[in-house]
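UniProt numbering puts the first residue of the sequence shown at 1, with every later residue one more than the last.
The structure under discussion appears below in the form of structure tokens.
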Amino acid sequence: MTPLKYLQGYPAQVLDQVRRLIAEERLGDYLSRRYGGHHAVQSDKALYAYAVALKQEHLRNAPALDKVLYDNRLDLTHRALGLHTAISRVQGGKLKAKKEIRVASLFKEAAPEFLQMIVVHELAHLKESAHNKAFYQLCEHMLPGYGQLEFDLRLYLTWRDLAAAKPD
């Protein structure tokens with residue numbers, strides 16, 4: 001039985017469908033049909049502009065972003081595809097909080113929909129810190145179809161692992 005570490009918590013019926021796609025070697029075909037494009041957001045500067053534009057469209061009253069960048073150190077071993085941080089520092093007599101978003105570098109090569117999904121996810125943390133119902137409602141508001149994109153991203157990660165483990 002194929003372990004599906006990125007899909008834990010999904011119903012058995014869904015997992016059986018995924019295992020069938022894997023067994024028939026059709027998972028890659030499914031993903032390339034749905035998400036065959038590439039995006040032009042390749043630099044940290046372009047990623048910052050992309051995230052700020054999404055923030056302006058959906059979260060105008062949220063705190064400003066100080067830094068958005070691709071991070072080579074974020075990977076699946078840390079179980080993080082993106083990371084939001086608020087770094088607090090005392091400057092003079094005031095407490096300043098800098099908001100940062102770091103996106104795993106694997107998204108440079110991923111489909112544009114997956115990059116958008118991960119940026120929306122991290123932006124939603126500016127308003128909702130926990131992964132609760134309000135958080136996912138905000139994600140869905142910012143990106144209709146968010147739930148399906150998150151599932152398909154998990155499929156993509158599964159496919160990447162399978163491709164990496166396959167002997168040449």
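For glycine and all other residues, C-beta sits at the position ideal for the given N, C-alpha and C.
Predicted, not measured: the structure shown is a model, and the values here were computed from it.
Kindly indicate which residue of Leu-27, Met-117, Asp-29, Glu-57 has the alpha-carbon position closest to the one of Leu-149.
Stepping through the sequence shown from its first residue, residue 149 is reached at position 149. It is Met-117 whose Cα lies nearest to the Cα of Leu-149.
Assign Lys-45 to one of three DSSP states: helix, strand, or coil.
Here residue 45 is taken as the residue at index 45 of the sequence shown, counted from 1. Lys-45 falls in the helix class under three-state DSSP.
Straight-line CA distance for Lys-166 to Gln-56?
Taking the sequence shown and counting its residues from 1, one reaches residue 166 at position 166. Taking the sequence shown and counting its residues from 1, one reaches residue 56 at position 56. If you take the alpha carbons of Lys-166 and Gln-56, they lie about 43 Å apart.
Do you know whose CA, among Gly-145, Ala-164, Trp-159, lies nearest Ala-7's CA?
Your numbering for residue 7 matches position 7 in the sequence shown. Before going further, note that residue 7 is Leu rather than Ala in the sequence given. Closest by alpha carbon: Trp-159.
May I ask which residues mark the beginning and end of the beta strand (DSSP E) holding Thr-67?
Residue numbering aside, residue 67 sits at position 67 when the sequence shown is read from its first letter. Reading the sequence as shown, one finds Lys at residue 67 and not Thr. First-last of the beta strand (DSSP E) with Lys-67: 67-71.
Kindly indicate the opening and closing residues of the alpha helix (DSSP H) around Pro-11.
The residue labelled residue 11 in the question sits at position 11 within the sequence shown. Here Pro-11 belongs to no alpha helix (DSSP H), and DSSP marks it neither H nor E.
Where do the N-terminal and C-terminal ends of the alpha helix (DSSP H) with Pro-112 fall, by residue?
One-based indexing of the sequence shown puts residue 112 at position 112. Unbroken alpha helix (DSSP H) run through Pro-112: 112-124.
Hey, how far is the Cα of Gly-37 from the Cα of Pro-3?
In the sequence shown, residue 37 corresponds to position 37, counting from 1. In the sequence shown, residue 3 corresponds to position 3, counting from 1. Roughly 28 Å between the two C-alpha positions.
By the DSSP assignment, the alpha helix (DSSP H) with Tyr-35 in it spans what residues?
Within the sequence shown, the letter at position 35 stands for residue 35. Run containing Tyr-35: none; DSSP gives neither H nor E here.
Look at the Cβ atom of Leu-27, then the Cβ atom of Val-14, and state whether they are nearer than 9 Å.
Looking up residue 27 in the sequence shown gives position 27. Looking up residue 14 in the sequence shown gives position 14. In this structure, Val-14 does not lie closer than 9 Å to Leu-27 by Cβ.
With a threshold of 16 other CB atoms inside 10 Å of the CB of Glu-113, please say whether the residue is buried or exposed.
Indexing the sequence shown from 1 puts residue 113 at position 113. Buried is the call here.
Can you give me the C-alpha to C-alpha distance between Glu-140 and Tyr-146, rounded to a whole angstrom?
In the sequence shown, counting from the first residue as 1, residue 140 sits at position 140. In the sequence shown, counting from the first residue as 1, residue 146 sits at position 146. Distance between the alpha carbons of Glu-140 and Tyr-146 is about 5 Å.
Can you give the Cα-Cα distance for His-39 and Gly-92, rounded to whole angstroms?
The residue you call residue 39 lines up with position 39 of the sequence shown. The residue you call residue 92 lines up with position 92 of the sequence shown. For His-39 and Gly-92, the distance between alpha carbons rounds to 42 Å.
Spatial neighbours of Asp-44 within its chain, please: CB distance less than 8 Å, with the 5 preceding and 5 following residues excluded, ordered by chain position.
Taking the sequence shown and counting its residues from 1, one reaches residue 44 at position 44. Excluding residues within five positions, the ones whose Cβ falls inside 8 Å are Val-68, Leu-69, Tyr-70.
Quick test of your reading: Met-142 and Ala-163, contact by CB under 8 Å. State the CB separation rounded to the nearest angstrom.
The residue given as residue 142 occupies position 142 in the sequence shown. The residue given as residue 163 occupies position 163 in the sequence shown. So it is not a contact: roughly 30 Å between Cβ atoms.
Sequence-distant residues of its chain with Cβ nearer than 7 Å to Lys-127 (five each side left out)
Taking the first residue of the sequence shown as 1, we reach residue 127 at position 127. Cβ within range, chain order: Leu-59, Ala-62, Leu-138.
Rounded to the nearest angstrom, what separates Gln-42 and Leu-115 at their Cα positions?
As a position in the sequence shown, residue 42 is number 42, starting the count at 1. As a position in the sequence shown, residue 115 is number 115, starting the count at 1. Straight-line Cα distance between these residues: approximately 11 Å.
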